[in-house]
């Protein structure tokens with residue numbers, strides 16, 4: 051392997067390290083990276099799939115899409131032009147994408163800011179303040195999703211009650227499923243050195259909100275959601291024109307783009323997937339899209355209360371990256 055190939059491989063591996071910070075359902079981090087010739091391959095990790103919560107693998111694929119976008123952001127900020135092939139080999143269903151460096155690239159200020167946001171972003175389950183999200187910021191979030199071949203529908207105030215009812219119904223359906231309860235127990239009680247799951251330090255106790263968040267506070271473990279009630283929170287739905295694996299992957303890339311853009315705007319954020327996991331509530335949300343489309347994820351953004359919130363743990367690079 052010549053010097054240029056070695057340098058490019060090193061840059062790809064470094065991007066895979068940056069992608070460790072991507073959000074994922076239950077913080078399962080269900081992906082692995084493999085180096086093959088001049089390509090960095092993104093593989094789904096079926097051992098980390100939630101069989102009850104995510105039967106079809108939609109959220110697993112969306113999570114992998116978020117990791118793919120994180121890696122792309124890292125490479126752009128490092129000055130690399132890349133080629134991305136999504137689902138490059140239909141005969142290898144676990145191979146979701148591959149990336150190759152094709153040349154030099156001059157990073158924009160926006161790309162550098164997004165890269166910095168990777169280290170700052172984390173899911174904030176606390177209730178946001180009454181301060182509204184600026185219209186200009188919402189427009190930027192919509193544009194961020196569009197750049198990833200997906201769409202973002204900002205839920206108007208008069209439809210928030212529909213989203214809230216859907217979230218409550220999804221929670222009831224999940225709690226009636228023993229498989230879901232087992233998965234929730236597993237991923238909220240991970241070994242201290244596992245680097246994954248949802249620890250009590252990131253969970254918040256239930257509070258009065260228009261849209262309830264998933265309750266990770268088993269056995270009373272968790273922290274206060276704060277004195278606020280999400281009054282100024284903005285909810286938005288990531289949706290796609292189609293509903294196949296490529297669309298799920300694109301939705302994950304859009305989710306990452308929206309969350310990083312929100313972080314650049316100094317907003318708190320949190321993905322909401324429970325309303326998508328249940329077919330009835332996913333279809334209910336789809337009816338809010340007057341132009342049609344397939345809901346893939348919901349995000350909550352807003353101004354966080356004073357004080358910081360804990361970040362979720364991450365796995366060690368050797369567990370995820372095979373150079």
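Numbering (the numbering used here), first residue to last: 51 to 373.
We put the beta carbon where it would ideally sit given N, CA and C, even for glycine.
Going by beta-carbon coordinates alone, are residue 322 and residue 254 separated by less than 8 Å?
Reading the chain shown from its first residue, position 272 is the one you call residue 322. Reading the chain shown from its first residue, position 204 is the one you call residue 254. No, Cβ-Cβ distance for residue 322 and residue 254 is not below 8 Å.
Is residue 101 helix, strand or coil by DSSP?
Working through the chain shown from its first residue, we reach residue 101 at position 51. The answer is coil: DSSP assigns residue 101 none of H, G, I, E or B.
Go through the region 186-265 residue by residue and report every complete run of the beta strand (DSSP E) that reaches 3 residues or more, in order.
Runs found: 201-204.
Is DSSP giving residue 96 helix, strand or coil here?
Counted from its first residue, the chain shown places residue 96 at position 46. In this structure, residue 96 counts as helix in the three-state DSSP scheme.
I need the straight-line Cα distance from residue 358 to residue 133, nearest angstrom please.
What you label residue 358 is simply residue 308 of the chain shown in a count that begins at 1. What you label residue 133 is simply residue 83 of the chain shown in a count that begins at 1. Going from the Cα of residue 358 to the Cα of residue 133 covers about 37 Å.
Can you give me the start and stop residues for the alpha helix (DSSP H) that residue 137 sits inside?
In the chain shown, the residue the question calls residue 137 occupies position 87. Taken as a continuous stretch (DSSP letters only), residue 137 belongs to no alpha helix (DSSP H), as it is neither H nor E.
Any contact between the region 301-310 and the region 103-120? By contact I mean 3 or more CB pairs, one from each, below 8 Å.
Yes: the two stretches touch, three or more of their Cβ pairs being nearer than 8 Å.
Have a look at residue 149 and residue 97 and give me their C-alpha separation to the nearest angstrom.
If you number the chain shown from 1, residue 149 lands on position 99. If you number the chain shown from 1, residue 97 lands on position 47. Going from the Cα of residue 149 to the Cα of residue 97 covers about 23 Å.
Does the count of Cβ pairs from the region 164-178 and the region 309-317 closer than 8 Å reach three?
Touching, yes, given that three or more Cβ pairs across the two stretches are closer than 8 Å.
Would you report the Cα separation of residue 196 and residue 156, rounded to the nearest angstrom?
As a working mapping, residue 196 is identified with position 146 in the chain shown. As a working mapping, residue 156 is identified with position 106 in the chain shown. Their backbone Cα atoms lie some 22 Å apart in a straight line.
What span of residues does the beta strand (DSSP E) with residue 368 cover, start to end?
Here residue 368 is taken as the residue at index 318 of the chain shown, counted from 1. Taken as a continuous stretch (DSSP letters only), residue 368 belongs to no beta strand (DSSP E), being part of the alpha helix (DSSP H) at 367-370.
Does the region 207-215 come close enough to the region 291-299 to have 3 or more Cβ pairs within less than 8 Å?
Segments in contact, no.
For residue 56, count neighbouring C-beta atoms within 10 Å of its own C-beta (all shown protein chains included) and say buried if the count is 16 or more, exposed if not.
Numbered from its first residue, the chain shown carries residue 56 at position 6. Classification of residue 56: exposed, given that the 10 Å Cβ count is below 16.
Any beta carbon from chain D within less than 8 Å of residue 116's own beta carbon?
Structure shown: chain D not included; a single protein chain is present.
Identify which residue in 64, 182, 250 and 68 has its Cα closest to the Cα of residue 316.
For this step, residue 316 is matched to residue 266 along the chain shown. The option with the nearest alpha carbon to residue 316 is 182.
Which first and last residues belong to the alpha helix (DSSP H) in which residue 60 is found?
What you label residue 60 is simply residue 10 of the chain shown in a count that begins at 1. That run of the alpha helix (DSSP H) goes 53-68.
Is the CB-CB distance between residue 123 and residue 161 below 8 Å?
For this step, residue 123 is matched to residue 73 along the chain shown. For this step, residue 161 is matched to residue 111 along the chain shown. Yes, these two residues count as a Cβ contact at 8 Å.
Could you pull the start and end residues of the beta strand (DSSP E) that residue 288 belongs to?
What you label residue 288 is simply residue 238 of the chain shown in a count that begins at 1. Residues 284-290.
Confirm, please, whether the CB-CB distance from residue 350 to residue 285 is below 8 Å.
Sequence index remark: in the chain shown, residue 285 carries index 235 (1-based). Sequence index remark: in the chain shown, residue 350 carries index 300 (1-based). In contact: residue 285 and residue 350 (Cβ atoms closer than 8 Å).
Please classify residue 153: does DSSP put it in a helix, a strand, or coil?
For the purposes of this step, residue 153 is taken as the residue at position 103 of the chain shown. It is a strand residue.
Kindly examine the ligand MG and report whether one of its heavy atoms sits closer than 7 Å to the Cβ of residue 350.
Annotation note on the ligand MG: not contained in the displayed structure, which lists no ligands.
Can you tell me whether residue 105 is buried or exposed, with buried defined as 16 or more other CB within 10 angstroms of its CB?
Within the chain shown, residue 105 is the residue found at index 55, counting from 1. Under this definition residue 105 is an exposed residue.
Of all the options 65, 128 and 306, which has the alpha carbon lying nearest to the alpha carbon of residue 320?
Within the chain shown, numbered from 1, the residue matching residue 320 stands at position 270. Closest option to residue 320, Cα to Cα, is 306.
Since residue 113 contacts residue 80 with CB under 8 Å, what's their CB separation in whole angstroms?
Position 63 of the chain shown, counted from the start, is the residue given in the question as residue 113. Position 30 of the chain shown, counted from the start, is the residue given in the question as residue 80. So it is a contact: roughly 6 Å between Cβ atoms.
Exposed or buried, what is residue 87 when buried is set at 16 or more other beta-carbons lying within 10 Å of its beta-carbon?
Locating residue 87 in the chain shown gives position 37, counting from the first residue. It is exposed - the Cβ of residue 87 has fewer than 16 other Cβ atoms within 10 Å.
Give the single residue among 126, 205, 329 and 241 whose Cα lies nearest to the Cα of residue 221.
Mapped onto the chain shown, residue 221 falls at position 171. Checking every option, the nearest Cα to that of residue 221 belongs to 329.
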